[in-house]
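S.K.: Supplied in structure tokens, the structure appears directly below.
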Amino acid sequence: MRHVIALDVGGTGMKAALVGAEGTAPSGGTPPSPSVLHEARRATGRERGPDAVVESILDFAADLRAYGERHLGEPAAAAGVAVPGIVDADQGVAAYSANLGWRDVPLRDLLSRRIGGAPVALGHDVRTGGLAEGRIGAGRGADRFLFVPLGTGIASAIGIGGRVEAGAHGFAGEIGHVVVRPGGLPCPCGQHGCLERYASAAAVSDAWVEASGDPEADAADCAKAVESGDPRARKVWQDAVDALADGLVTALTLLDPRTVIIGGGLAEAGDTLFTPLRAAVRRRVTFQQLPSVVPAALGDTAGCLGAGLLAWDLLDETADSPEVTP
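For the sequence shown, UniProt numbering begins at 1 and goes up steadily by one.
What follows is the structure in structure tokens.
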């Protein structure tokens with residue numbers, strides 16, 4: 001059975017799948033989800049250093065290729081891999097990752113050689129997850145969407161016509177470094193008052209630790225305290241919601257998305273987040289068209305599914321390219 005390898009590399013763990021073709025969409029309909037034929041997880045081995053992480057990725061891909069040969073009758077036709085940090089997708093280079101400790105890793109070429117020369121697509125983890133959410137998840141059918149996962153930091157994926165925009169230099173979507181509180185908290189990027197210093201899950205955790213006096217508290221605890229009516233938690237939560245709404249309105253003014261998809265750990269609070277967030281965005285818009293603000297649908301599988309979509313897209317592009325006669 002024809003299939004591709006999909007790999008989603010995180011800070012400590014990797015999620016992988018062998019993904020079959022999407023199939024044929026009904027006339028006028030959106031394409032169906034890709035079929036997941038096999039799933040696996042493995043540690044990155046980060047504690048052994050950046051070279052060990054790269055080797056873990058290559059070994060995992062080789063094992064997946066071997067599984068496909070044994071159980072599906074043929075090796076994978078291509079692979080897609082999503083990694084964190086700064087990614088040069090055109091050159092196939094994982095340029096920098098603070099979490100994994102690597103710089104300028106030619107991951108596309110290394111992976112291709114390890115899996116028998118099959119083509120490899122390399123993508124940024126948030127943009128790859130956004131591709132899946134936009135095409136087969138919460139943004140399915142939307143021609144323009146913005147995917148914003150709220151985790152340790154905040155980034156976004158800008159979806160246009162079924163594709164995700166990388167930008168001229170690979171930095172498109174870095175909404176977490178939009179300044180929403182000028183002169184505010186310092187950010188590692190060098191600015192003060194960045195969105196992710198106020199509205200990420202990490203920022204909410206820090207603010208709730210300070211407000212509650214509990215050094216073990218986190219954002220999930222803050223959400224529970226909000227639901228129980230704790231006024232301290234409500235203030236921490238509303239401050240984060242207001243900052244997030246300011247950042248989102250800046251983004252929708254520039255990009256005019258039809259759908260805004262909120263994911264990451266903070267989105268797990270459900271209506272505790274979405275009810276005040278929708279109200280805060282609505283209060284801020286003037287001439288802008290109000291988008292749908294919806295929770296992500298794919299959870300922690302988005303990156304892996306997106307990597308599979310990258311691989312199938314790569315095969316489609318290769319098939320559509322005219323042959324060059326020397």
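Beta carbons are placed, not taken as given, at the ideal position from N, Cα and C, and that holds for glycine.
Determine contact between the segment 110–126 and the segment 203–223, defined as no fewer than three beta-carbon pairs at a distance below 8 Å.
M.R.: no
S.K.: Within the segment 8–92, note down every full beta strand (DSSP E) run reaching 3 residues or more, in order along the chain.
M.R.: 13–20, 36–43, 79–83, 86–88
S.K.: Are residue 253 and residue 142 touching if we call contact CB-CB under 8 Å?
M.R.: no
S.K.: Would you tell me roughly how many angstroms separate the C-alpha atoms of residue 178 and residue 67, rounded to the nearest one?
M.R.: 44 Å
S.K.: Compare the C-alpha of residue 102 against each of 109, 87, 112 and name the closest.
M.R.: 87
S.K.: Within a Cβ cutoff of 6 Å, which residues of the same chain sit near residue 96, ignoring the five residues on either side of it in sequence?
M.R.: 85, 86, 103
S.K.: If we ignore side chains and look at the alpha-carbon of each, how far apart do residue 51 and residue 79 end up?
M.R.: Approximately 21 Å between the Cα atoms of the pair.
S.K.: Using CA coordinates, which residue listed in 204, 206, 169, 184 is at the minimum distance from residue 90?
M.R.: 169
S.K.: Under 8 Å, do residue 17 and residue 36 count as touching if we go by C-beta distance?
M.R.: yes
S.K.: Can you tell me whether residue 115 is helix, strand or coil according to DSSP?
M.R.: coil
S.K.: Let me make sure I understand the geometry here. Which of 133, 149, 65 has the alpha-carbon closest to that of residue 112?
M.R.: 65
S.K.: I need the straight-line Cα distance from residue 222 to residue 272, nearest angstrom please.
M.R.: 10 Å
S.K.: What do you get for residue 145, buried or exposed, if any count of 16 or more other CB atoms within 10 angstroms of its CB means buried?
M.R.: Residue 145 is buried by the Cβ-count criterion.
S.K.: Count the other CB atoms within 10 Å of the CB of residue 290; is the residue buried (16 or more) or exposed (fewer)?
M.R.: exposed
S.K.: May I ask you to report which of helix, strand or coil DSSP gives residue 122?
M.R.: strand
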